[in-house]
Amino acid sequence: MLWCTGVVFPFKTHEMLISLLENTIMSSIDPADFVQVEGDQVSLRFGDPRQQAKFELGVCMAIYKWEELTTAVENSWGGPNLADKRDWLLGVVIELFDEKAVDLVLIEETLLYAMVDEFDTEVDNDSALIISDLIMKIYRECAMQNYARVDDLYAKFQLRQQSGSQRNRVEIGEDPNNPDDSDDSDGDDEIEDGTPEPAHVTNDDMDIDQGPRQPIIDEDGFELVQRRRRR
């Protein structure tokens, strides 16, 4: 169990806002959504270099927007070089579109498996689905050469980088479901210094406050976050 410190709304207000936002977002997502090639295309990859670059930038911004992944990277869950692993993950997602069809569930599962295998973290909310839906929207918009969302996301990302965003500071505690499983690697839970730059970036940001988590607040006002240890 992890104690996450930071700015916390009064519990009831915070809970109501998260519930409302989550219900609104999830109601607009079709779990069966997919994209596929048209005509004689051999893959979903864009032939126009600018289209492909914008799409890759959009994927980068979506991955960097994922709060659960950001928390794992900043707290060094899963070992060293986590910023590189995050960039590897966005490359894996981009490569999914080298096929003739991609569905929402495939992207979500790719994100969730990577979180467990590479970041030692189990995500038990719908945030991965929300990020996957964002990636699908970005692909469709890039297919129409509509880069407004991508450009807006990147601009906001740059502003956050310049102003400096608050980190998700986390304290590692005992997991009540596995009381004998103590944390034997303090170094893995230290917070990294410096904010990593996204790979494949040329011009865009992501600021979609989607993927909210249902918080558990303890008596001291700390937010509790579940973490799954690597086997």
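Going by UniProt numbering, the first residue of the sequence shown is number 1, and it counts up by one from there. Note that CB positions come from ideal geometry on N, CA and C, so glycine has one too.
Open item on the list: On the DSSP letters alone, give me the boundaries of the beta strand (DSSP E) that Phe46 sits inside.
Closed with: Unbroken run through Phe46: none, as it is neither H nor E.
Task: Burial state of Asn75, where buried means 16 or more other Cβ atoms lie within 10 Å - done: buried
TODO: Find the nearest neighbour of Lys100 within the set Leu44, Gly164, Phe119, judged by alpha-carbon distance.
DONE: Leu44
Task: Proximity below 8 Å, CB of Ala72 to CB of Phe34 - done: no
- [ ] Just tell me which of Asp151, Leu111, Asn81 has its CA closest to the CA of Thr121.
- [x] Leu111
Task: Bridge-paired residues (DSSP) for Asp103 - done: Phe34
Task: Own chain, CB closer than 6 Å to Tyr147, minus 5 neighbours either side, in chain order - done: Lys54
Task: Start and end residues, alpha helix (DSSP H) containing Gly91 - done: 82–96
Task: Assigned secondary structure, Gln145 (DSSP; H/G/I helix, E/B strand, else coil) - done: coil
Open item on the list: Quick check: what's the CA-CA separation for Arg50 versus Val105?
Closed with: 27 Å
Task: Closest residue to Asp30 among Lys85, Asp124, Gln52, Met136 (Cα-Cα distance) - done: Met136
Task: Inter-residue Cα distance where the pair is Ile191 and Ala83 - done: Interpretation of Ile191 is limited by its pLDDT of 38, a score under 50 that renders its predicted location unreliable; the figure taken from the coordinates is listed afterwards. Looking at the two C-alpha atoms, the distance is approximately 12 Å.
Task: Residue interval of the alpha helix (DSSP H) (run including Thr70) - done: 67–74
- [ ] Drop a sphere of 10 angstroms on the beta-carbon of Arg140, count the other beta-carbons inside from all chains shown, and report buried for 16 or more, exposed for fewer.
- [x] exposed
TODO: Reducing DSSP to helix, strand and coil, say where Gly58 ends up.
DONE: helix
Open item on the list: Among the candidates Tyr113, Gly78, Asp124, Tyr64, whose CA atom is the shortest distance from the CA of Lys156?
Closed with: Tyr64
Task: Helix, strand or coil at Gln158 according to DSSP, with G and I counted as helix - done: helix
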